Amino acid sequence: MSNEIRVRFAPSPTGYLHVGSLRTALYNYLYAKKVGGKFILRIEDTDQTRYVDGAVQNLIDTLKAMKLGYDEGPEVGGEYGPYYQSERTEIYNKYAQELLDNGYAYRCFCTPEDLDKMREERKAKGLDTRYNGHCRNLTETEIKEHLANSDNFVIRLKVPQEGEITFYDVVREKVTFPWDMVDDQILIKSDGYPTYHLANVVDDHLMQISHVIRGEEWLSSVPKHLFLYEAFGWKPPKMCHLPLLLNPDKSKLSKRQGDVAVEDFLNKGYLPETLLNFVSLLGWHAPSDQEFYTLAELEKAFSLKRINKSGSVFDIEKLNWMNGQYLRNSELQIIGEHARKYFKKADYHIANDKHYLELVDIARNRIHKLDEVTEFAKPFFSELTFTEEDKEVLETESSQTLFKFWYENITNSAKLNEELISDLLKRSASELGIKGKNLYPPLRLALYGSMHGPELPTIIEILGREKILNRFKNIIR
RNA sequence: GUCCCGUUGGUCUAGUGGUUAGGACUCAGGAUUUUCAUUCCUGCAUCAGGGGUUCAACUCCCCUACGGGAUGCCA
């Protein structure tokens, strides 16, 4: 067996990529990069009842959007395929048979209804709800009878009934479980598909996975998995269980309390770089104070040893702040490209690239998510609307004098340039005696629709002569 | 209920057997800006509680509390 480091991201295609899964994928990816190992994508689609059309493609596309490339898996192939578990059922059945033959597993003919009833009874007695072992010791004849009847059955793992198991987790260190708490896990369902536990162990071994890096919700399944490795006589991989991502109320991050799908975040205009950076710091941190990382920097800095033990709240406020930073500090061109789809969606036609970028530049300093970009572009693309309060400002004598003055001067000038603007600004003060509070706010209101906003010359430049004259005309009485 | 895991400001975190416990978000105040935003500065606020061990514990050990996860023919 080789000493190569091989890690895997093994999502089940339930329709979208969860941000928690994104972090799991990232850590796997980073560890592989860090140590020069291989990163594998494996699709855990063994639950036919949860099949979602297009989910796998969505998953792959999202990983691509996040630039987390994998060395083996769907689309790219590899020596250890197929990488879809639904295409590997024969393999699992073969290994399940081996377990059966060696006495590590048994057929269970209990129906789901039987199990429900059993659980109710055990609960009523204050016991745990593990399987009661009804089919654990069926005789050969009993089994043959059931099979002859074509009774449905599942294959269960025959876990030890006493003692305890201790193992080492990279993050948790020493962990111990008593065997009498471990259930006789179902390995093969009655539809012939394996459960996670069997498929996972078999595939991790066959694909020569060296480190299992996954969420903490799997920690209590480790005893079953290790027992399987032992039953097969295989060397188990190193275990590494990541702390959970949490809702603000500290429960496991869930859809109920906001967005959890990476594509939702992407659609709202969070940049892939932000998401990766943000999520990387939830449960891992370098010794330094650095908090902005490119993917390449993360690849260098990452270490399994520095993963935290406790769960972390997914704080949207901080995500927003970080996205704002990325929006402002990335190259304007790139942000402009990202922003295009929002303009398209708002039906704002981009006629002038230079003005478009200036517009994006105005917006990026005032927003946290790119989907807010059109809010700041709106005054340039549609008619202005004024509140009663606005109208009062627009209709004061001073404002009206000001607007007329500007309207006439612009009409009479051949060119509308910066020079003219600054000249008019000066003359508004010197000739009309209008300055400060009576000058800028009304002008900005008349042209941009709000007394707060971008610098006047910028507004004027983007708007252009036509629209400016129109807007003045509309409010001059 | 049972088992497992966890606990540094509201949140993400750094940190050491002896520190004024550091950074970031948020919040408050201020400066810059014609305004808004940006940016900058300042401030608020933390080692869950109780026992040990030790000259000394936020740091090591135990207990308690609290939080979370698991307890499916889901993953």
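So for the first sequence, our numbering puts the first residue at 159; every next one is plus one. Even glycine gets a Cβ: it sits at the ideal position worked out from N, Cα and C. From a predicted model like this one, the values you see are computed outputs, not experimental measurements.
Excluding five sequence positions before and after Val531, the CB atoms of its chain that fall closer than 8 Å to its own CB belong to Gly427, Ala497, Tyr500, Phe501, Val518, Ala521, Arg522, Ile525, given in chain order.
Leaving aside the five residues that flank Ser571 on each side, the residues in its chain whose CB is nearer than 6 Å to its CB run, in chain order, Leu578.
By the CB criterion at 7 Å, Pro232 and Tyr238 fall outside the cutoff. Close CB contacts of Gln366 within its chain, under the 6 Å cut and outside five residues either way in sequence, are with Arg164 (chain order). For Lys463, the three-state secondary structure derived from DSSP is helix. A residue is called buried when at least 16 other Cβ atoms come within 10 angstroms of its Cβ; Ala168 meets this threshold and is buried. Under DSSP, Lys332 takes part in a beta bridge, and its partners are Tyr326.
The stretch 437 to 456 makes no contact with the stretch 543 to 563; the number of CB pairs closer than 8 Å stays below 3. Of the other Cβ atoms in all chains shown, fewer than 16 fall within 10 Å of the Cβ of Met339; this residue is therefore exposed. Going by DSSP, Lys252 is part of the alpha helix (DSSP H) stretching over 247 to 259.
With distances taken between CA atoms, Asp407 lies nearest to Ser470 out of Ser470, Asp229, Glu256. Across the set Leu603, Tyr484, Lys463, the C-alpha of Lys463 shows the shortest separation from the C-alpha of Leu188. Annotated three-state conformation of Tyr351 is coil, per DSSP. Rounded to whole angstroms, the separation of the alpha carbons of Glu388 and Val328 is 20 Å. The three-state secondary structure of His507, taken from DSSP, is coil. Between Pro445 and Ala223, the gap from beta carbon to beta carbon reaches 7 Å or more. Secondary structure of Lys396 (DSSP, three-state): strand. Per DSSP, the unbroken beta strand (DSSP E) holding Val370 starts and ends at 369 to 373. Per the DSSP secondary-structure output, Arg265 pairs in a beta bridge with Ile313. Excluding residues up to 5 positions away in sequence, Tyr228 lie with their Cβ nearer than 7 Å to the Cβ of Val234 in the same chain.
For Ile218, the enclosing alpha helix (DSSP H) begins and ends at 213 to 223. Here the stretch 348 to 360 makes contact with the stretch 241 to 256; the two share three or more CB pairs at distances below 8 Å.
When rounded, the separation of the alpha-carbon atoms in Glu541 and Asn632 is 11 Å. In this structure, the beta-carbon distance from Tyr174 to Glu375 does not fall below 7 Å. Under the three-state reduction of DSSP, Leu603 is assigned to helix. Assignment of Tyr565 by DSSP, reduced to helix, strand and coil, places it in the helix class.
The Cβ-Cβ distance between Tyr565 and Phe630 falls below 7 Å. Rounded to whole angstroms, the separation of the alpha carbons of Gly236 and Val317 is 34 Å.
The beta carbon of Leu582 sits closer than 7 Å to those of Trp564, Asn567, all from its chain and outside the five residues before and after it, given in chain order. With a threshold of 16 other beta carbon atoms within 10 Å, Ser586 meets it and is buried. A direct Cα-Cα distance of roughly 21 Å separates Tyr598 from Glu533.
In the DSSP annotation of this structure, the continuous segment of the alpha helix (DSSP H) that includes Leu184 starts and ends at 177 to 193. For Tyr514, the closest C-alpha among the options Lys527, Ile617, Tyr209, Asp342 is that of Ile617.
Between Gly391 and His383, the alpha-carbon positions lie close to 12 Å from each other.
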